[in-house]
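Comments concern the structure below.
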């Protein structure tokens with residue numbers, strides 16, 4: 001009888017553990033099994049490698065990660081731009097920030113942020129910096145629409161408030177998202 005109760009308790013424990021796992025997968029930001037992914041190889045205006053950005057479908061949104069290299073030390077605005085083009089030297093072909101909900105720019109703006117807003121990228125003296133953030137409500141279908149989208153690093157810090165670009169200055173590195 002003790003063995004049967006122990007086996008039953010083990011079964012109940014396993015069922016509860018599995019139920020917990022199922023619940024966790026439904027939480028916003030949790031990985032989506034077989035979820036879409038896109039990668040952008042970043043380049044500077046002179047075509048030098050500048051790192052890599054990834055976009056990964058997660059529950060309730062898209063997770064963006066930017067691993068920059070060869071970028072000047074300091075704080076830089078980083079944004080997703082609405083057009084998948086990075087024509088140098090100024091990368092204006094990438095258009096404005098990705099903003100499918102027509103929100104204002106910046107996490108400090110009461111009418112923002114829009115989906116292209118990312119945290120500032122802090123780059124060390126070695127030219128490297130990393131950011132990662134999940135944007136709730138963003139979709140891979142929107143990111144990889146007919147004209148695509150691009151990851152952009154700007155020359156200056158983003159003030160996180162001023163519309164349309166946070167006074168983040170010129171565009172110094174760009175990469176086009178490709179499914180992958």
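In UniProt numbering, the protein residues as written are 1 to 180.
Where is the CB? At the ideal position from N, CA and C, for every residue including glycine.
Residue pairing for residue 64: DSSP places it in a beta bridge opposite 55, 133.
Ranked by Cα distance from residue 39, the options 29, 31, 57 are led by 57.
In the displayed model, residue 102 falls within coil according to three-state DSSP, outside both helix and strand. Counting every other CB atom within 10 Å of its CB across the protein chains shown gives residue 126 a total below 16, marking it as exposed. Pairwise C-beta distances place the stretch 104-111 out of contact with the stretch 54-71, as fewer than three of them are shorter than 8 Å. Going by beta carbons, residue 51 and residue 71 fall inside the 9 Å limit. Here the alpha carbon of residue 144 sits roughly 11 Å from the alpha carbon of residue 138.
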